[in-house]
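Engineer: For the record, the sequence lines run as chains S and C. Taking this note's numbering, the leading residue of the first sequence gets 1, the next gets one more, and so forth. Taking this note's numbering, the leading residue of the second sequence gets 1, the next gets one more, and so forth. Ideal placement from N, C-alpha and C gives every residue a C-beta, glycine not left out. So that we are looking at the same thing, I have put the structure below in C-alpha cells.
Protein chains: 2
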Amino acid sequence: MFRIIKKDVKTAARTGELVTKNVVIKTPVFMPVGTLGTVKSLSPSEIFDEGFHIMLANTYHIFLRPGMDVIEKFGSLRNFTRYPGSILTDSGGFQIFSLSKFSRVTEEGASFMSHIDGATHFMTPEKVIGIQETLDSDIMMQLDVFSGPDAARERAEKDLEITLDWAKRSISARDNGKRNGNLLFLISQGNFFEDLREKSAKKISAMDADGYAIGGLAVGETKDVMLKMLKTSAANLPEEKPRYLMGVGKPSDIANAVAAGVDMFDCVLPTRNARNGFVYTSSGTLNIKNAKYRTETGPLDSLCDCYCCKNFSAAYVRHIFMTKEIFSQRLLTIHNLHYYAGLMRKIRKSIEDGMFTDLLNEINRMEHNTLL
Amino acid sequence: MFRIIKKDVKTAARTGELVTKNVVIKTPVFMPVGTLGTVKSLSPSEIFDEGFHIMLANTYHIFLRPGMDVIEKFGSLRNFTRYPGSILTDSGGFQIFSLSKFSRVTEEGASFMSHIDGATHFMTPEKVIGIQETLDSDIMMQLDVFSGPDAARERAEKDLEITLDWAKRSISARDNGKRNGNLLFLISQGNFFEDLREKSAKKISAMDADGYAIGGLAVGETKDVMLKMLKTSAANLPEEKPRYLMGVGKPSDIANAVAAGVDMFDCVLPTRNARNGFVYTSSGTLNIKNAKYRTETGPLDSLCDCYCCKNFSAAYVRHIFMTKEIFSQRLLTIHNLHYYAGLMRKIRKSIEDGMFTDLLNEINRMEHNTLL
Chain S
1 MFRIIKKDVK TAARTGELVT KNVVIKTPVF MPVGTLGTVK SLSPSEIFDE GFHIMLANTY
61 HIFLRPGMDV IEKFGSLRNF TRYPGSILTD SGGFQIFSLS KFSRVTEEGA SFMSHIDGAT
121 HFMTPEKVIG IQETLDSDIM MQLDVFSGPD AARERAEKDL EITLDWAKRS ISARDNGKRN
181 GNLLFLISQG NFFEDLREKS AKKISAMDAD GYAIGGLAVG ETKDVMLKML KTSAANLPEE
241 KPRYLMGVGK PSDIANAVAA GVDMFDCVLP TRNARNGFVY TSSGTLNIKN AKYRTETGPL
301 DSLCDCYCCK NFSAAYVRHI FMTKEIFSQR LLTIHNLHYY AGLMRKIRKS IEDGMFTDLL
361 NEINRMEHNT LL
Chain C
1 MFRIIKKDVK TAARTGELVT KNVVIKTPVF MPVGTLGTVK SLSPSEIFDE GFHIMLANTY
61 HIFLRPGMDV IEKFGSLRNF TRYPGSILTD SGGFQIFSLS KFSRVTEEGA SFMSHIDGAT
121 HFMTPEKVIG IQETLDSDIM MQLDVFSGPD AARERAEKDL EITLDWAKRS ISARDNGKRN
181 GNLLFLISQG NFFEDLREKS AKKISAMDAD GYAIGGLAVG ETKDVMLKML KTSAANLPEE
241 KPRYLMGVGK PSDIANAVAA GVDMFDCVLP TRNARNGFVY TSSGTLNIKN AKYRTETGPL
301 DSLCDCYCCK NFSAAYVRHI FMTKEIFSQR LLTIHNLHYY AGLMRKIRKS IEDGMFTDLL
361 NEINRMEHNT LL
C-alpha cells in the first residue's frame, strides 16, 4: 500500500508511492481541501488534471450537509462529487471542537451542536468510521480530540488518553466493518508537549493502521514550536508507513516537514489565499490588489505555465478580482494550486536527485520574501 | 455585413448572418451579458465554446473599471478579456440614468456621478463613440437617453429629440473616427407611446447605421405593452439591417420578438437566474432549492446534454448551491446558457424549415409552466 522509493541521505525526507483503491499517489503529496466535496470554484476534473490525484473532504461537514442519506443513494462521496481521484476524509474531530456552537467530550464520544442549524449530534469513533465507510473514503481518519492551542498539561494528557482509546476503537470498528479497501489512518496528538507527542506517536505506532497522522499543529504556535513538535511526532511514527501532517501549510513548513520524514499534507492556504488575492509566484508572493498590477500586460508570473498565466494578464486578473467577478477566484485558485503542485514535484525530484537539502535551503530563503 | 438567409412566410421572422470584423454570427442570436468584460463565473472560452460567438459588455462599467488607460495598453477590450468572439458594447445610456448616484441630461450630453466612487463624469455621444473605438468593439451603440418607465409624454418627447440628435452626432463621430471595421448601431426609443416609437424608428432608419436597436423596453411594463411597442419599433426599422431588442428576455419574449422581425437579443436572465438557482429545463423551470432535488441522482434535465447535466446529478448541484459553493454558479450558468443556445438554434432551424409558427406556439405554451 505504501512503498518508499528513495530516501534522502542528509534528512529524513523520502519519496514514495501510496496506493489507494482508486489511484497511485506519488509522495510527498499535497492534498487540496474540498471541505464539502468540492475545491472552491474549481471542477473535479480541473483539480485532477492539475495533478492532484487525492483531495481532502470533511466528514463533519458532509455528515451535516448534504447528509448521509444523500451519499447512500450515490454509493460513495466519489460518485456524488464525480472527483476522479482519491478522497481522504478528515474525521471532523477538529471541526467538532472548533466550529460547532457547543461540544463536550466524554470517554464514549463527542456531543456537539451543528454550526448550521444548532441540532445536537453525538459522534463516537465507531460512528465516524461507519460514516466514512458509507462515504467510501479512500483514506479514513480516526476521530480525535483537539484540545485547542492553549490547553494546559493536565488537559492535554487527558485528551491524549481519550484520543489513544479512540484510535484502538477505530481499528476495531474498521476490522468489524465493510473492509472494502478503505485505508485507515490514526492521529497522533500531544499538544505542545514533546513527551506527550512522543508517547502518542509510539502508542499508535503499535496499532495496525495504514498510515499515521500528526494533528493539532499549525493552530497559532510559533514556527519553531511547530517544527519541534512535528519532528518528535514524525520520528516516533513507523518509517515504513505514510506520515501525514494535518493542516500544513506554507511552502517552507511543507519542505521542513518533508525533511522530518512527512509524506502527506493538506492546507487551505493556496485556495483561501487565492480567494483573498494573495498569489504565489516564482519570485515570492504578490497581492493582486496592488495598484502596480492595474496596467500589467504580462502574466502574474512569467515563469508559470498555468492556465491563468498562459492566457490572462495580471491587469485582467486584477480587474475581475477588484470587481468581485467569480472568474477571478477560479483563475487565482488554479494558479496557486499549480504553484503547490510544482512545489511538490520539485521536492520529489530533488529527493530523487539527491539535491533535497539545496532545495530546502532555497525554499527557506524564499519564504522571507513572502507575505503569507 | 448583414445578409438575410430565410424569411418566414407567416411572420416577420427571418434568419440571417451578421458579419463582424471578427466572426460571422447566425441570427436570430442571443448575446450573453458580460458587463465588465466577463460573463459571471465562466471563462471566455467556455462562453465561446457553448456557441456564443458574440457577447455584450458595457461601456459605462468598463470606462469606470478598469478605466480606459488600461484598455489602451491592450489595444482592445477583446485583447484584454481574451474572449475569442465579437463584443457588442452597450453605450451606457441606460446605466448612466439607472445606476449612477446622480445624472443630468443636457442637449450637449449627460453628466453623472460614478456608482463606484462618486466621481463626476460628463459623457457626450462623441465621447462614447471614441471610448468604444478605443475598446475596439465589434458593435458600438450610440449614447441614448433612458427616461424611465414612468415618463410622461412631454418628457418622452423631449428625451426622444435628444436621442435622435445624439444618433446623428454618433454617426458623424463614427465617420470622423478610426473606421477600423467597428459597426455602429443606433437606438430607437419612444417610451410606451406608439407614435413616438414609430417616429423614432423612422428617423433613425434614414441615418446610415449598420444596425438598429429597440431600447427602453422590459423595464417593468406588461408583456402586452412591450410586445405592442417592439412591434411598432421593429416594423419601422429597415428590413435589410439587423434589429436588436435590448435587454430582452424570457424565452417567449424572444420568440415573439423574432416573430416581429428582431434578430438580436441580450439579457441577464439566464445567467442571473442561474446564480439564484432558477433553472431552465425542457419541461419548464425548476428551483434547485426545492427539497425534492436533495436526493435526485438524475441530472437537472434528462434531455439536456450540457456539461452540467452530462456530468453531475441534481442532488450534487443542489448540495453545492445550498452550501454556497462557487462551482454551483458555474454549473447552473453553463446549463442555463446552454438552454438559451438551444432555444436560438431551434428558432433558427424552425425558420429555415418553415415551421416557426409551430415553435412559437409551443414556446408560448411552455412559458405558462415557468416561474420566470
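1) What residues match up with C/SER91 in a beta bridge as DSSP calls it?
2) Entirely within the stretch 134-209 of chain C and at least 4 residues each: give me those alpha helix (DSSP H) ranges in chain order.
3) So, with DSSP's three-state summary, where would you put C/ALA110?
4) Can you tell me the Cα-Cα spacing of C/PHE48 and S/ASN311, whole angstroms?
5) Would you please verify whether the beta carbon of S/GLU325 is less than 8 Å from any beta carbon of chain C?
6) Apart from the five residues on each side of it in sequence, which residues of its chain come closer than 7 Å, Cβ to Cβ, to S/HIS115?
7) Taking only beta carbons into account, state which residues of the stretch 310-334 of chain S come closer than 8 Å to chain C, listed in chain order.
8) Less than 7 Å between C-beta atoms, sequence neighbours within five positions excluded: which residues of the same chain meet that for C/PHE94?
9) Compute the distance between the beta-carbons of C/LEU237 and C/PHE265, then report whether it is under 8 Å.
10) Let me check understanding here. Comparing Cα to Cα, which of S/MET355, S/ASN182, S/LEU164, S/VAL33 lies closest to S/SER188?
11) Mind listing the chain C neighbours of S/ASP305? Cutoff is C-beta to C-beta under 7 Å, in chain order.
12) Taking the alpha carbon of C/GLY37 as the reference point, which residue from C/GLY16, C/GLY67, C/ASN22, C/LYS26 has its own alpha carbon closest?
13) Hey, how far is the Cα of S/GLY16 from the Cα of S/TYR339?
14) Ignore the nearest five residues each way along the sequence and tell me which others in S/SER170's own chain have a CB closer than 6 Å to its CB.
15) Measure the beta-carbon distance from S/ALA218 to S/GLY247 and round it to whole angstroms, keeping in mind my assumption that it falls under 8 Å.
16) Helix, strand or coil for S/TYR212 per DSSP?
17) With C-beta atoms as the reference, is C/SER91 less than 8 Å away from C/ASP144?
18) Let me confirm a value: C/THR376 is counted as buried when at least 16 other C-beta atoms fall within 10 Å, else exposed. Which label applies?
19) How would you label S/ASN182, buried or exposed, when you count the other beta carbons within 10 angstroms and need 16 or more for buried?
20) Run down chain C in chain order and give the residues with a C-beta less than 7 Å from the C-beta of S/ARG78.
21) Enumerate in chain order the residues of its own chain whose CB-to-CB distance from C/ASN364 is below 8 Å, with the five nearest sequence positions on each side excluded.
22) Just the chain C side, please: which residues come within less than 8 Å of S/THR59 by C-beta, in chain order?
23) Whole angstroms is fine: what's the gap from C/ASN191's alpha carbon to C/PRO149's?
24) So which of S/ALA274, S/LEU77, S/ILE214 has the shortest CA-CA distance to S/ASP263?
25) Assign C/ILE87 to one of two classes, buried (16 or more other C-beta atoms within 10 Å of its C-beta) or exposed (fewer than that).
26) Out of curiosity, what's the CA-to-CA distance linking C/PHE185 and S/ILE71?
27) Would you call S/PHE321 buried or exposed, if buried means 16 or more other Cβ atoms sit within 10 Å of its Cβ?
28) Would a check of beta-carbon distances place C/PHE2 closer than 8 Å to chain S?
29) Grouping DSSP H, G and I as helix and E and B as strand, with all else coil, what is C/VAL29?
30) For S/VAL19, write down the residues that DSSP places opposite it in a beta bridge.
31) Quick one: is C/MET140 buried, meaning 16 or more other Cβ sit within 10 Å of its Cβ, or exposed?
32) Check distances from the C-beta atoms of the stretch 38-50 of chain S to those of chain C and list, in chain order, the residues that come in under 7 Å.
33) Below 7 Å between beta carbons is the criterion; list the residues of the stretch 243-273 of chain C that meet it against any residue of chain S, in chain order.
34) Three-state secondary structure (DSSP) at C/ILE347?
35) How close, in whole Å, do the beta carbons of S/ALA341 and S/GLY34 come, if the pair is a contact with beta carbons under 8 Å?
36) Mind checking S/ASN336: buried by the 16 CB within 10 Å criterion, or exposed?
Structural biologist: In short, the structure shows the following:
1) Residue numbering aside, residue 91 of chain C sits at position 91 when the second sequence is read from its first letter. None; C/SER91 has no bridge partner.
2) Restricted to the stretch 134-209 of chain C, the alpha helix (DSSP H) segments that are unbroken, complete and at least 4 residues in length are 153-175, 194-205, listed in chain order.
3) As a position in the second sequence, residue 110 of chain C is number 110, starting the count at 1. C/ALA110: strand per DSSP, three-state reduction.
4) Counting from 1 along the second sequence, the entry for residue 48 of chain C is found at position 48. Counting from 1 along the first sequence, the entry for residue 311 of chain S is found at position 311. Here the alpha carbon of C/PHE48 sits roughly 15 Å from the alpha carbon of S/ASN311.
5) Counting from one through the first sequence, the residue named residue 325 of chain S turns up at place 325. Taking Cβ atoms only, chain C reaches closer than 8 Å to S/GLU325, which makes this a yes.
6) Within the first sequence, residue 115 of chain S is the residue found at index 115, counting from 1. Excluding residues within five positions, the ones whose Cβ falls inside 7 Å are LEU99, SER100, LYS101.
7) For the stretch 310-334 of chain S, which is checked against every Cβ of chain C, the residues closer than 8 Å are ASN311, PHE312, SER313, ALA315, TYR316, ARG318, HIS319, ILE320, MET322, THR323, GLU325, ILE326, PHE327, GLN329, ARG330.
8) The residue labelled residue 94 of chain C in the question sits at position 94 within the second sequence. Listed in chain order, the non-local C-beta contacts of C/PHE94 below 7 Å within the same chain comprise PHE146, local neighbours out to five positions each way being set aside.
9) Here the question's residue 237 of chain C lines up with position 237 in the second sequence. Here the question's residue 265 of chain C lines up with position 265 in the second sequence. Contact flag unset, no.
10) Locating residue 188 of chain S in the first sequence gives position 188, counting from the first residue. Just measuring C-alpha positions, the residue of S/MET355, S/ASN182, S/LEU164, S/VAL33 sitting nearest S/SER188 is S/LEU164.
11) One-based indexing of the first sequence puts residue 305 of chain S at position 305. Under the 7 Å cutoff, chain C gives no residues; its nearest Cβ is about 16 Å from S/ASP305.
12) Translated into positions along the second sequence, residue 37 of chain C becomes position 37. In this structure, C/GLY67 is the residue among C/GLY16, C/GLY67, C/ASN22, C/LYS26 with its C-alpha nearest to the C-alpha of C/GLY37.
13) Numbered from 1 along the first sequence, position 16 holds the residue referred to as residue 16 of chain S. Numbered from 1 along the first sequence, position 339 holds the residue referred to as residue 339 of chain S. Using only the alpha carbons, I get a separation of about 21 Å.
14) For this step, residue 170 of chain S is matched to residue 170 along the first sequence. Here the set comprises PRO125, ILE129, GLN142.
15) As a first step, residue 218 of chain S must be located in the first sequence, where it is residue number 218. As a first step, residue 247 of chain S must be located in the first sequence, where it is residue number 247. Their Cβ separation, rounded to whole angstroms, is 5 Å, which keeps S/ALA218 and S/GLY247 in contact under 8 Å.
16) The sequence position of residue 212 of chain S within the first sequence is 212, counting from 1. The three-state secondary structure of S/TYR212, taken from DSSP, is strand.
17) Against the second sequence, residue 91 of chain C aligns to sequence position 91. Against the second sequence, residue 144 of chain C aligns to sequence position 144. The criterion of a C-beta distance shorter than 8 Å is satisfied by C/SER91 and C/ASP144.
18) In the structure as shown, chain C starts at 1 and stops at 372, and residue 376 of chain C therefore has no counterpart that could be examined.
19) By 1-based counting over the first sequence, the position of residue 182 of chain S is 182. S/ASN182 should be labelled buried.
20) Position 78 of the first sequence holds residue 78 of chain S. Within 7 Å Cβ-Cβ: nothing; S/ARG78 doesn't reach chain C, min ~11 Å.
21) Walking along the second sequence from the start, residue 364 of chain C turns up at place 364. These residues qualify, in order along the chain: SER252, ALA255, ASN256.
22) As a position in the first sequence, residue 59 of chain S is number 59, starting the count at 1. Going along chain C, no residue has its Cβ under 8 Å from S/THR59, so there is no contact; the nearest lies around 15 Å.
23) To locate residue 191 of chain C, count along the second sequence from 1; it is residue 191. To locate residue 149 of chain C, count along the second sequence from 1; it is residue 149. Taking the straight line joining both Cα atoms gives about 7 Å.
24) The count along the first sequence starts at 1 and reaches residue 263 of chain S at position 263. Closest in C-alpha terms to S/ASP263, from the list S/ALA274, S/LEU77, S/ILE214, comes S/ILE214.
25) One-based indexing of the second sequence puts residue 87 of chain C at position 87. Classification for C/ILE87: buried.
26) Locating residue 185 of chain C in the second sequence gives position 185, where the first residue counts as 1. Locating residue 71 of chain S in the first sequence gives position 71, where the first residue counts as 1. Those two C-alpha atoms are separated by around 53 Å.
27) Your numbering for residue 321 of chain S matches position 321 in the first sequence. Taking all protein chains in view, the Cβ of S/PHE321 is crowded by 16 or more other Cβ atoms within 10 Å, so the residue is classified as buried.
28) Taking the first residue of the second sequence as 1, we reach residue 2 of chain C at position 2. So, not an interface residue.
29) Your numbering for residue 29 of chain C matches position 29 in the second sequence. Under the three-state reduction of DSSP, C/VAL29 is assigned to strand.
30) Position 19 of the first sequence, counted from the start, is the residue given in the question as residue 19 of chain S. S/VAL24, per the DSSP bridge assignment.
31) Locating residue 140 of chain C in the second sequence gives position 140, where the first residue counts as 1. By the beta-carbon neighbour count (other beta carbons within 10 angstroms, threshold 16), C/MET140 is buried.
32) Cβ contacts with chain C: THR38, LYS40, SER41, LEU42, SER43.
33) Of all residues in the stretch 243-273 of chain C, none comes within less than 7 Å of chain S when Cβ atoms are compared.
34) Against the second sequence, residue 347 of chain C aligns to sequence position 347. In the structure shown, the three-state DSSP call for C/ILE347 is helix.
35) Translated into positions along the first sequence, residue 341 of chain S becomes position 341. Translated into positions along the first sequence, residue 34 of chain S becomes position 34. About 15 Å separates the two Cβ atoms, so there is no contact after all.
36) As a working note, residue 336 of chain S is residue 336 in the first sequence. Residue environment: S/ASN336 is assigned as buried (16 or more neighbouring CB atoms within 10 Å of its CB, all protein chains considered).
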